[in-house]
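The structure appears right after this line, and notes come after that.
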Amino acid sequence: LVAACFGLLMLYIDLFIVNVALPTIGKDFQAPLSTVSWAISGYVLMIGVLPMGIGRLGDLWGHRTVYLAGLILFSGASLACGLAPTITLLIVFRVIQGIGAAVMTPGTLSIIIRAFPPSEHGLAIGIYGGISGLGLIAGPVLGGLLVQGGSWRWIFFVNIPFGVIALLMTMLFVPKDHKE
1 LVAACFGLLM LYIDLFIVNV ALPTIGKDFQ APLSTVSWAI SGYVLMIGVL
51 PMGIGRLGDL WGHRTVYLAG LILFSGASLA CGLAPTITLL IVFRVIQGIG
101 AAVMTPGTLS IIIRAFPPSE HGLAIGIYGG ISGLGLIAGP VLGGLLVQGG
151 SWRWIFFVNI PFGVIALLMT MLFVPKDHKE
């Protein structure tokens, strides 16, 4: 539960962490807000469109494997976003980050459902939902702190250590899928 929710927390924080940095990003790249806002829209579009189809890939290849692939893609794209030299590349990397998030999303719930007996599914899903809400609240707060304390790039770099921790926790504590 902790391993899957840790990755989930990153995804939901990332939904809103960028919002507070948009003016700073626009100023840094000398780009209008209408262009910079695609850094949010591209991410959200991927999370909204892709998870259902990707959930099927988890059924075929194993939810843990697909979740780990999404986590690696998300973390790598986070690094690329933080290093982006242009607004265009930032938007492209943000879309890739959204694809990584979309790959992770269905796996988190599948991992949790498999980890608990049916009698405890309600509790586990309740905790899962609570973590989602916490991420939505923490995103703007953390984004504001990172932008005020340094550079907007830290809103992406902060995902790297969290991604590594989530990757290690998943590899150590989430069992491989058993194919029937």
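When we follow our numbering, the leftmost residue of the sequence shown carries the number 1, and every step to the right adds one.
For each residue, glycine too, the CB sits at the ideal point set by N, CA and C.
Same chain, Cβ closer than 8 Å to N19, five either side skipped, listed in chain order: In the sequence shown, counting from the first residue as 1, residue 19 sits at position 19. Answer for N19: I40, G139, P140, G143, listed in chain order.
Alpha-carbon to alpha-carbon, G133 and F16: One-based indexing of the sequence shown puts residue 16 at position 16. One-based indexing of the sequence shown puts residue 133 at position 133. Going from the Cα of F16 to the Cα of G133 covers about 12 Å.
For D14, the nearest candidate out of R56, I127, C81 (CA to CA): Here residue 14 refers to the residue found at position 14 when the sequence shown is read from its first residue. Taking each of R56, I127, C81 in turn and checking the Cα distance to D14, the smallest one comes out for C81.
Start-to-end residues for the alpha helix (DSSP H) that takes in I19: Here residue 19 refers to the residue found at position 19 when the sequence shown is read from its first residue. Position check: residue 19 holds Asn in this sequence, whereas Ile was assumed. It is not in any alpha helix (DSSP H) - N19 carries neither H nor E in the DSSP assignment.
Which listed residue (I96, A166, F162, L145) has its alpha carbon closest to that of T108: For the purposes of this step, residue 108 is taken as the residue at position 108 of the sequence shown. Taking the Cα of T108 as reference, the smallest distance to any Cα among I96, A166, F162, L145 is reached at A166.
Top-ranked residue by Cα proximity to G62, from L89, P85, A21, S110: Within the sequence shown, residue 62 is the residue found at index 62, counting from 1. Out of L89, P85, A21, S110, the CA that lies nearest to the CA of G62 is found in S110.
I155 versus V66, A84, C5, L68, residue with shortest Cα-Cα distance: For this step, residue 155 is matched to residue 155 along the sequence shown. Put simply, of V66, A84, C5, L68 the residue whose alpha carbon is nearest the alpha carbon of I155 is A84.
Secondary structure of L50, DSSP reduced to three states: The residue you call residue 50 lines up with position 50 of the sequence shown. Note: L50 maps to coil in three-state DSSP.
Classification of V185 by the beta-carbon crowding that lies within 10 angstroms, buried from 16 upward: Because the chain in this structure spans residues 1 to 180, residue 185 falls outside the shown range and cannot be described.
M171, buried or exposed, once every other Cβ within 10 Å from all chains shown has been counted against 16: As a first step, residue 171 is located in the sequence shown; it is residue number 171 there, counting from the start. Counting Cβ neighbours within 10 Å, M171 comes out exposed, since fewer than 16 surround it.
Buried or exposed by the 16-neighbour rule on C-beta atoms within 10 Å, applied to Q97: Numbered from 1 along the sequence shown, position 97 holds the residue referred to as residue 97. Buried.
Cβ shell of V49 (< 8 Å), same chain only, five flanking positions each side left out: The residue given as residue 49 occupies position 49 in the sequence shown. The residues are A102.
Beta-carbon contacts of A77 that lie in its chain and below 6 Å, excluding the five residues immediately before and after: Sequence index remark: in the sequence shown, residue 77 carries index 77 (1-based). Non-local beta-carbon contacts of A77 in its own chain, meaning distances under 6 Å to residues more than five positions away in sequence, involve F93, I96, Q97, G100 in chain order.
Beta-carbon proximity list for P175, same chain, < 6 Å, skipping 5 on both sides: Position 175 of the sequence shown, counted from the start, is the residue given in the question as residue 175. Apart from sequence neighbours up to five positions away, no residue of its chain approaches P175 with a beta-carbon distance below 6 Å.
9 Å Cβ cutoff met for P106 and G26: Looking up residue 106 in the sequence shown gives position 106. Looking up residue 26 in the sequence shown gives position 26. With respect to the 9 Å criterion, P106 and G26 are not classified as neighbours on the basis of their beta carbons.
Residue closest to G163, alpha-carbon to alpha-carbon, out of S37, M10, L33, C5: The sequence position of residue 163 within the sequence shown is 163, counting from 1. Here the closest residue by C-alpha is M10.
Beta-carbon proximity check, V2 vs F173, cutoff 9 Å: Taking the first residue of the sequence shown as 1, we reach residue 2 at position 2. Taking the first residue of the sequence shown as 1, we reach residue 173 at position 173. A contact, by the Cβ cut-off of 9 Å.
Whole-Å CB distance - V36 paired with L22, under 8 Å assumed: Here residue 36 refers to the residue found at position 36 when the sequence shown is read from its first residue. Here residue 22 refers to the residue found at position 22 when the sequence shown is read from its first residue. Taking the Cβ atoms as the reference, V36 lies roughly 5 Å from L22, within the contact range of under 8 Å.
Same chain, Cβ closer than 7 Å to G42, five either side skipped, listed in chain order: Position 42 of the sequence shown, counted from the start, is the residue given in the question as residue 42. The beta carbon of G42 lies closer than 7 Å to those of I91, R94, V95, G98 in the same chain, with the five residues before and after it left out.
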